[in-house]
Amino acid sequence: MAKYVTKRVIYMFLSLFLIASFTFVLMKMLPGSPLASAAKLSVEQREVVYEKYGLNDPIPVQYIRYMGNLAKGDFGVSFQYKSADVTTLIVKKLKYSAILGTQAIVFGTIIGIVLGMIAALKQNTVWDYGSTIIAILGISIPSFVFAVLLQYVFAVKLEWLPVGLWEGWKSSILPSIALAMGPIAIAARFIRTEMIEVLSSDYILLAKAKGANWFEIAFKHAFRNALIPLVTVLGPVAAGLLTGSLVVEQIFAVPGIGEQFVKSIATNDFAIIMGTTMFFSVFLIVIILIVDILYGVIDPRIRLSGGSK
Amino acid sequence: MTNNLEKLPKDSFERITIDSSHAEKISKPSLNFWQDSWLRIRKNKAAIVSIFILLFIVFMAFAGPYMNEHDPQDVKVTHANLPPKIPGLEKLGIFDGVGKLGSKTVNLYELKKIDTYYWFGTDSLGRDLFSRLWKGTQISLIIAFVAAVIDVVIGVIYGGISGYYGGRTDDIMQRIVEVLIGIPTLVIVILMLMVMDPGIWAIIIAISITGWIGMSRIVRGQVLKYKTQEFVMAAKTLGASDKRIISKHILPNIMAIIIINMMFTIPTAIFFEAFLSFIGLGLQAPEASLGTLINDGYKFIQYQPFMLFFPAFVLSLLMIAFNLVGDGLRDALDPKMKD
Amino acid sequence: MEKIVEVKNLELSFHTFAGEVKAIQGVNFEVFKGETLAIVGESGSGKSVTTKSIMRLLPKSSTEYKKGEILFGGKDLLKISESEMQKVRGKDISMIFQDPMTSLNPTMTIGKQIMEPLLKHQKLSKSDAWNKSIELLALVGMPQPEMRMKQYPHQFSGGQRQRIVIAVALACNPKLLIADEPTTALDVTIQAQILELMKDLQKKIDTSIIFITHDLGVVANVADRVAVMYGGRIVEVGTVDEIFYNPQHPYTWGLLSSMPSLDAGEEKLYAIPGTPPDLLAPPKGDAFALRSEYAMKIDMEQVPPLFKVSDTHYAATWLLHPDAPQVDPPAAVIERMKRFPGSRYHVGIAGGDR
């Protein structure tokens, strides 16, 4: 187990190193000036600015400095936001994204598990079909289409909820629902398949032969076994949430990291793009690593056999 | 127990000879893999309906732009922001060209004295949205299809080599994949698009750059599984060349899994294209794709919701249909499910 | 002798996509107190289905009980409610399954799994159930039972797991134990251990056993009486000696001839030709006739009733009809019948020792 974790961590750093280098190279190749307002600056002013950000140094020197700063958790400074520190900026914006993400994943997986359980326990009934349809819609329809539809119905037509600006928690409801559609669908489908497989297994038959009732079968015996592998799809779920959050935050004007990232793309703000890219990468890679280790910890089959190695 | 027997005719007890080959008769007709799969998928109503929906959308994507007299890229500022108007349906009070002008609801076609029909209305530059919708669908489909083919080709070759040759080669190739798989697709795709000139190819390359990894892992796993099986060993013992083993023994067996995965790659590519275009990294005007159309429509959501509705509907329908066909194929082709 | 369970004229079908599968077509048998009844037959003959219907463990959505009753303790198990049935399962009747590798819950400690029926049916306190479970584990020959209680199934070998499953089954001292091929998935040496254990335990707790198997060697070892099933019917039933040394049904002959024996020398092993009947469209008359070299005209038209051979021995074959011609069973079977007093081939010289 320890050996496995070490190996995974090494790969994780290799991946991150690759992303960082790749990001750096791409940024250097990028068309357009890093200073959007550079045209307005005189040659002397531009020199001063370039000097200040170290943009006149040879590329390898810039590269080493950039990588060194990254290692310290310093993502550089933004060109647009009055030289704001990118790390501080990300931390500040993180709060809003984290609220949305957490709400979506908690709400989404709970609803998804319930739907999947109902579908599996009431197989081939209206309940099953209903939950399957929800799952297919959730997997198929992109979250930004959902977001736009939600906004149209609840904010534009019904005017129930605020639109276009962040007014505290109330504003997080619609974007969280839009983001939750993915987790709902993935969890529902997954739990349904797992439950059906578990329910047809020999040990469920033995539990029945012991005289267990419907409730004990479903919750004491089947549920735990179906739930454990759900951890494995949390990685893809997190990746999906991240992708979704870029547009969903923009649509609902949530002042989060995603919205910031999309804005930076439009304004060629290298430092923010690089910083956010690295942040997203670290976030996803760490989540996937944690998920893999977590799976080993909660499944007794893996936990114990892995531990003795 | 049963000794009050009825009288039976004497000849009932004559011995007869049963042709024992009769007992060995196989009653079911033998079906090959693909026939069997077809019988299975035929029972899956959702998949069959989805196939027809897909055929319809593909047909419209190529024929739609020519179905009326408007060119998808024709700018006619005087005809801007018109609501949909469809002959026949207008008498029913729907699609009759009535829309909002400021806060008033009026028939914009009468107001502007336009006597032509824009079935799905026009955008802010007066371009016909019906032909733009299908042109956009066409572009999205082409991007998705080409990206999926590239994924499959690279994935099969990479995974095939890695799995078939094994040993050192496999080791190195898998270490590379393990590093690459850690890189979030989204991040790479966005970065790539910022560097390349926007266009169809930029999107295709950006989508395929990480897309092949999943396919290569699946193919490798399958190749590893089949190459140690007896029938491949037998072929090898009989002196079959690598080329023959791969093309005649391994590929036909992993074809089903490749096809299933391709069916899921296509909607993923459609989604990425729409997503990138929506955040402004995709195609540039006057080109259209489902993503750019949704983006355009979104800007006018308050006044012209139909501009958003049509492309969003087609996009969702495409995604649902592809996913359902993929599910159906998986159930039909996956031998594990065989009853 | 007291009848523990009596299956009367049971008929049962499965509804599948392909149509109605007539899995059981009129089965009668009873199990007496303290005895072991073996049910033998090839796969698809309905032996598992019969016993699962006693436990009512067949999928409700596709199973239709068409006729018959299963009498247990004065009640018809097919008529009582599901919650009443839950009180019978695990307490009065319990079951052991074929594959011990899959029949224990992988994420539950084995202690919990053994305690479950004790807590449920005997309403023991947790600590009493814990102690009783340790006793049970010791009873089935598990070393270090206290330590083993907290372990998960994957930490045990196949034979050990089957011992655990037996411990679970015996937890509430059931009146009837159904063992569905309990040794098929195990190694031969482990098989023998498990069989010994079951015989041993049966003496200790005086339970009746229905033992399902396709292995005639196992039957000879454990059973008091044997029922041979074919195509959803019982074709022959009798004591072990009667079935092994005085078989009457051509199918039983086939089974016995296809059993390898040490003294058979270099002879080629016999194989019954053909395949089991398709129960989607069961053949008219005797289902075995198509595979039998002893077939008669009547076999193609009418299902043979059970003919009485002795008070304990019945066989469903038209060959036993008084009007039927005398036929000679295969040579290997004649050899066996020579040793059975009362069979028509009996010769006294062997002195009765067999």
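Chains as they are written, first to last, in this note's numbering: chain A, 91 to 399; chain B, 41 to 379; chain C, 438 to 791. From the three backbone atoms N, C-alpha and C, an ideal C-beta is built for every residue, glycine too.
task = Answer yes or no: do Leu692 (chain C) and Gly711 (chain C) have a C-beta to C-beta separation smaller than 8 Å?
result = Going by C-beta atoms, Leu692 (chain C) is not nearer than 8 Å to Gly711 (chain C).
ask   = Three-state secondary structure (DSSP) at Ala128 (chain A)?
value = Only weak support exists for where Ala128 (chain A) lies, its pLDDT of 47 falling under 50; the coordinates are left without a value.
query = Does the count of Cβ pairs from the stretch 444–459 of chain C and the stretch 346–365 of chain B closer than 8 Å reach three?
reply = Too few Cβ pairs lie closer than 8 Å, so no.
request  = Could you tell me whether the stretch 240–253 of chain B touches the stretch 183–195 of chain B, using the rule of 3 or more Cβ pairs below 8 Å?
outcome  = Here the stretch 240–253 of chain B makes contact with the stretch 183–195 of chain B; the two share three or more CB pairs at distances below 8 Å.
inquiry  = Quick check: Asp529 (chain C) and Leu613 (chain C), are their CB atoms within less than 8 Å of each other?
reply    = In this structure, Leu613 (chain C) lies closer than 8 Å to Asp529 (chain C) by Cβ.
Contact with chain B by Ala787 (chain C), beta-carbon distance below 8 Å = Below a pLDDT of 50, predicted positions are generally treated as unreliable, and Ala787 (chain C), at 46, falls in that range; the measurement from the model is reported next regardless. So no, Ala787 (chain C) is outside the interface.
task = Could you name the residues of chain B that Leu104 (chain A) contacts, counting a contact when the two beta carbons are closer than 7 Å?
result = Against chain B, the beta carbon of Leu104 (chain A) has neighbours under 7 Å at Val219, listed in chain order.
key: Residues, ordered as in the chain, of the stretch 364–389 of chain A that lie near chain B by beta-carbon distance below 7 Å   = Contact residues of the stretch 364–389 of chain A toward chain B are Thr367, Phe370, Ser371, Leu374 and Ile375 (C-beta to C-beta distance below 7 Å).
message = Strictly under 8 Å for the Cβ-Cβ distance: is Gly301 (chain A) near chain C by that measure?
response = Output row for Gly301 (chain A): interface = yes.
inquiry  = I'd like the list of long-range same chain contacts for Ile244 (chain B), defined as Cβ closer than 6 Å, with 5 residues on each side in sequence excluded.
reply    = Taken in chain order, the residues that qualify are Ile183, Val186 and Ala187.
inquiry  = Measuring straight from C-alpha to C-alpha, what distance separates Ile680 (chain C) and Val770 (chain C)?
reply    = Each residue's Cα considered, the two are about 11 Å apart.
ask   = Looking at the C-beta of Asp790 (chain C), does it have a partner C-beta in chain B at a distance below 8 Å?
value = Any reading at Asp790 (chain C) must be qualified, since the residue scores a pLDDT of 44, below 50, and its modelled position is unreliable; the value itself is stated next. No, no contact with chain B.
task = Evaluate the contact criterion for the stretch 169–182 of chain B versus the stretch 99–106 of chain B: three or more CB pairs, one atom per stretch, below 8 Å.
result = Segments in contact, yes.
task = List the residues of chain C that Glu270 (chain B) touches, going by C-beta distances under 7 Å, in chain order.
result = In chain order: nothing, as chain C lies at least about 24 Å away.
Terminal residues of the beta strand (DSSP E) in which Leu508 (chain C) lies = That run of the beta strand (DSSP E) goes Thr500 to Phe509.
query = Under 8 Å, do Ala209 (chain A) and Arg282 (chain A) count as touching if we go by C-beta distance?
reply = Going by C-beta atoms, Ala209 (chain A) is nearer than 8 Å to Arg282 (chain A).
ask   = What do you reckon, are the CB atoms on Tyr242 (chain A) and Pro345 (chain A) nearer than 8 Å?
value = No, the Cβ-Cβ distance between Tyr242 (chain A) and Pro345 (chain A) is not below 8 Å.
message = Let me make sure I understand the geometry here. Which of B:Phe73, B:Asp51 and B:Pro123 has the alpha-carbon closest to that of Leu169 (chain B)?
response = Across the set B:Phe73, B:Asp51 and B:Pro123, the C-alpha of B:Pro123 shows the shortest separation from the C-alpha of Leu169 (chain B).
key: Ile341 (chain A) and Val238 (chain A) closer than 8 Å at C-beta   = Yes, the Cβ-Cβ distance between Ile341 (chain A) and Val238 (chain A) is below 8 Å.
query = Going straight from the alpha carbon of Ala275 (chain B) to that of His783 (chain C), what length do you get?
reply = Distance between the alpha carbons of Ala275 (chain B) and His783 (chain C) is about 57 Å.
request  = Starting from the beta carbon of Met733 (chain C), find every residue of chain B whose beta carbon is closer than 9 Å, and list them in chain order.
outcome  = Neighbours of Met733 (chain C) on chain B, chain order: Ser52, Phe53, Glu54, Arg55 and Ile56.
ask   = Quick one, which residues of the stretch 343–366 of chain A are near chain B if we go by CB-CB under 7 Å, in chain order?
value = Across the stretch 343–366 of chain A, CB contacts with chain B closer than 7 Å involve Val352, Ile355 and Ala356, in sequence order along the chain.
task = Check whether the Cβ of Ala126 (chain A) lies closer than 8 Å to any Cβ atom in chain B.
result = A caution first: Ala126 (chain A) carries a pLDDT of 48, below 50, which makes its placement in the model unreliable, though a value can still be read off. By this cut-off, Ala126 (chain A) is not an interface position.
ask   = Nearest chain B C-beta to Ile195 (chain A) closer than 8 Å, yes or no?
value = It does not; no Cβ of chain B falls within 8 Å.
request  = Scan the stretch 231–250 of chain A for residues whose Cβ lies nearer than 8 Å to a Cβ of chain B and list them as they occur along the chain.
outcome  = Those residues of the stretch 231–250 of chain A that come within reach of chain B (Cβ to Cβ, closer than 8 Å) are Ile231, Pro232, Phe234, Val235, Val238, Leu239, Gln241, Tyr242 and Val246.
ask   = So what's Asp513 (chain C) in DSSP terms, helix, strand or just coil?
value = Strand.
task = Please list the partners that Asp68 (chain A) has in chain C, where partner means a Cβ-to-Cβ separation under 7 Å.
result = Missing from the structure shown is residue 68 (chain A); chain A here goes from 91 to 399 and no further.
query = How about Val227 (chain B) and Thr367 (chain A): are their beta carbons less than 8 Å apart?
reply = Cβ atoms of Val227 (chain B) and Thr367 (chain A): closer than 8 Å.
inquiry  = Can you confirm whether Tyr204 (chain B), when its beta carbon is compared against all beta carbons of chain A, has any partner nearer than 8 Å?
reply    = Answer no: the Cβ-Cβ gap between Tyr204 (chain B) and chain A never drops below 8 Å.
request  = Please determine, among A:Leu264, A:Tyr94, A:Ser105 and A:Ile383, the residue with the shortest C-alpha to C-alpha distance to Val217 (chain B).
outcome  = That would be A:Ser105, whose Cα lies nearest to the Cα of Val217 (chain B).
ask   = Between which two residues does the beta strand (DSSP E) carrying Tyr667 (chain C) extend?
value = Here the beta strand (DSSP E) through Tyr667 (chain C) covers Arg662 to Tyr667.
query = When the cut-off is 8 Å and only beta carbons count, does Asp723 (chain C) lie next to chain B?
reply = No, Asp723 (chain C) lies away from the interface with chain B (no Cβ there is under 8 Å from its Cβ).
ask   = Among C:Ile627, C:Pro713 and C:Lys569, which residue has its Cα nearest to the Cα of Gln599 (chain C)?
value = That would be C:Ile627, whose Cα lies nearest to the Cα of Gln599 (chain C).
message = List, in chain order, every chain B residue whose beta-carbon is nearer than 8 Å to that of Val337 (chain A).
response = Within chain B, the residues whose beta carbon sits less than 8 Å from that of Val337 (chain A) are Phe315, Phe318 and Ile319, listed in sequence order.
Proximal residues of chain C, C-beta to C-beta of Asn315 (chain A) below 8 Å = Near Asn315 (chain A) (Cβ distances below 8 Å), the residues of chain C are Asn542, Pro543 and Thr544.
task = Go through the stretch 457–495 of chain C residue by residue and report every complete run of the alpha helix (DSSP H) that reaches 4 residues or more, in order.
result = Listed in chain order, they are 484–492.
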